[in-house]
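Sequential numbering of the sequence shown, starting at 30, is according to our numbering.
Using N, Cα and C, we set each Cβ at its ideal position, and we do this for glycine too.
Notes to accompany the following structure.
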Amino acid sequence: MVYKKEDYIEDFNEGWCPGCGNFGIREACLRAFENLQLDPNKTVVVSGIGCSGKGALYYKVFVAHTLHGRTLPVAIGLKLANPELNVIVHSGDGDCYGIGVEHFVSTGRYNPDITLVVFDNSVYALTKGQASPTLKRGEKLKSLPAPNIKDAINPIGIALLSGYNYIAQGYAFNIEHLSNLIAGAIKHKGLSLVNVKQPCITYDDIHTKDFYQNALFYINNILILTKDLDKPIKVGIVKREFSNHKIGELVIIENEEQEKNCYVMEFKKANEAVILPKEKAEELLKKECARKIKEEDFYDEYIAFSIAKLMLNIPIIGKIYERKESKTYEERIAYNIESYFAYPPAKQIICDEEGNPTTDIRKILDSFIV
Ligand SMILES: Cc1ncc(C[n+]2csc(CCOP(=O)(O)OP(=O)(O)O)c2C)c(N)n1
Ligand SMILES: [Mg+2]
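See below:
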């Protein structure tokens, strides 16, 4: 049987605002499911609480709409009960990086073969637009009475440190690109994160569709410095329009006005990731001080960190990191319990026709290597 996108869709109205970035993310997931021909009977979407979580019941696969911040422990439980399942988690930025941040970190230690898709809209949308952990300090959205006084966290950096081994960032309305990132994450054996930048059209008047249209950077527009530079280069990304400069434009910083109106970054060390205006980039490439990044060769932690640092200021999209051979939690369990893959908890008969329990956990315990 060949599955079509429609085979993964249920008639369900989740009540999202028209124009919400969530629609783009869900469409990208559906395309990835079709692309990979996931069996709906072996696929489960686990979602948290928030606007992002409400949409999961639209999928015609198994769905677990869980508690706020608790998607990952539920997802781990499902995967361990039945390792044949494709487990895809939908969590909001508040859900995953706020109340659920402990699980976000500790799941890295387990490395279950699951895919975490985070709907990153910088706000707690469902509860009317409070600042989420990914909103930068100083930003004042229309839903806030005053500028945000907390610093933003760096989810990509945290994921790298915690043991996630496929890490990518996408954009909700760049659906084809996002769908490829999600498909890559599902195919990847081990724990993967796709953080998705998305506008919240109701509460966020800063990170709008226009903002992203101008400010998005693709990973293959980034250079890696291969030699130390004698003189640091200061590069700015325009954050407020000034003179003839538009939001998202790159400038080499030479004066105070530029410094004031830009997110400023300084580069000088070998192995640092940099984004430079075209002429400067060409100059460095000619001098062999830099090389261009290709999506395929992101296997170096140091470079991935360098990109994660840049991402605090610039919405960079693409695959940032992939480490292929890392033992999953399921494989580590099978090392101790030989019968685990053949006889996981979900395949055990737990009762007879009368409903009397028949579970014999000695079968599992017997094969435990002490
Ligand atoms: C334990 C608990 N604390 C607080 C809430 C209230 N609450 C519901 S959704 C939400 C935030 C959702 O934000 P996010 O995860 O970013 O999802 P979004 O709505 O932006 O998609 C909060 C604080 C709750 N439901 N449960
Ligand atoms: Mg949110």
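Where does residue i land, buried or exposed, given buried means 16+ other C-beta within 10 angstroms?
i: residue 143; result: buried
i: residue 40; result: exposed
i: residue 259; result: exposed
i: residue 59; result: buried
i: residue 100; result: buried
i: residue 386; result: exposed
i: residue 281; result: exposed
i: residue 394; result: exposed
i: residue 375; result: exposed
i: residue 178; result: exposed
i: residue 214; result: buried
i: residue 156; result: exposed
i: residue 75; result: buried
i: residue 226; result: buried
i: residue 237; result: exposed
i: residue 167; result: exposed
i: residue 346; result: buried
i: residue 31; result: exposed
i: residue 384; result: exposed
i: residue 378; result: exposed
Give the DSSP-derived three-state secondary structure of residue i in the structure shown.
i: residue 57; result: helix
i: residue 103; result: helix
i: residue 210; result: helix
i: residue 231; result: coil
i: residue 352; result: coil
i: residue 225; result: strand
i: residue 385; result: coil
i: residue 95; result: coil
i: residue 295; result: strand
i: residue 255; result: coil
i: residue 76; result: strand
i: residue 319; result: strand
i: residue 380; result: strand
i: residue 89; result: coil
i: residue 284; result: coil
i: residue 262; result: strand
i: residue 183; result: coil
i: residue 365; result: helix
i: residue 217; result: coil
Thinking C-alpha only, which one of the options is nearest residue i?
i: residue 52; options: 377, 204 and 35; result: 204
i: residue 235; options: 276, 123, 140 and 127; result: 276
i: residue 339; options: 136, 111, 158 and 183; result: 183
i: residue 372; options: 73, 110 and 290; result: 110
i: residue 119; options: 96, 254, 140 and 249; result: 96
i: residue 113; options: 179, 186, 69 and 382; result: 69
i: residue 152; options: 36, 233 and 313; result: 233
i: residue 331; options: 186, 383 and 279; result: 186
i: residue 220; options: 313, 133, 341 and 347; result: 133
i: residue 269; options: 283, 261 and 290; result: 290
i: residue 356; options: 383, 194, 336 and 314; result: 194
i: residue 278; options: 255, 343 and 328; result: 343
i: residue 267; options: 383, 102 and 306; result: 306
i: residue 391; options: 383, 369 and 382; result: 369
i: residue 158; options: 102, 172 and 87; result: 172
i: residue 420; options: 147, 102 and 160; result: Since the first residue of the chain shown is 30 and the last is 399, residue 420 is not available in this structure.
i: residue 164; options: 354, 364, 363 and 341; result: 341
i: residue 98; options: 130, 67, 261 and 71; result: 130
Check this for me: beta carbons of residue i and residue j, under 8 Å apart or not?
i: residue 145; j: residue 222; result: yes
i: residue 154; j: residue 80; result: yes
i: residue 61; j: residue 212; result: yes
i: residue 197; j: residue 349; result: yes
i: residue 210; j: residue 192; result: no
i: residue 401; j: residue 303; result: Past the boundaries of the shown model lies residue 401; the chain is included only from 30 to 399, so the question cannot be answered.
i: residue 253; j: residue 300; result: yes
i: residue 287; j: residue 265; result: yes
i: residue 359; j: residue 141; result: yes
i: residue 108; j: residue 37; result: no
i: residue 231; j: residue 46; result: yes
i: residue 217; j: residue 351; result: yes
i: residue 334; j: residue 189; result: yes
i: residue 176; j: residue 123; result: no
i: residue 84; j: residue 56; result: no
i: residue 50; j: residue 228; result: yes
i: residue 149; j: residue 224; result: yes
i: residue 92; j: residue 116; result: no
i: residue 121; j: residue 77; result: yes
i: residue 255; j: residue 337; result: no
i: residue 94; j: residue 106; result: no
i: residue 261; j: residue 309; result: no
Can a CB atom of chain C be found closer than 8 Å to the CB of residue i?
i: residue 214; result: Protein chains in the displayed structure number just one, and chain C is not present.
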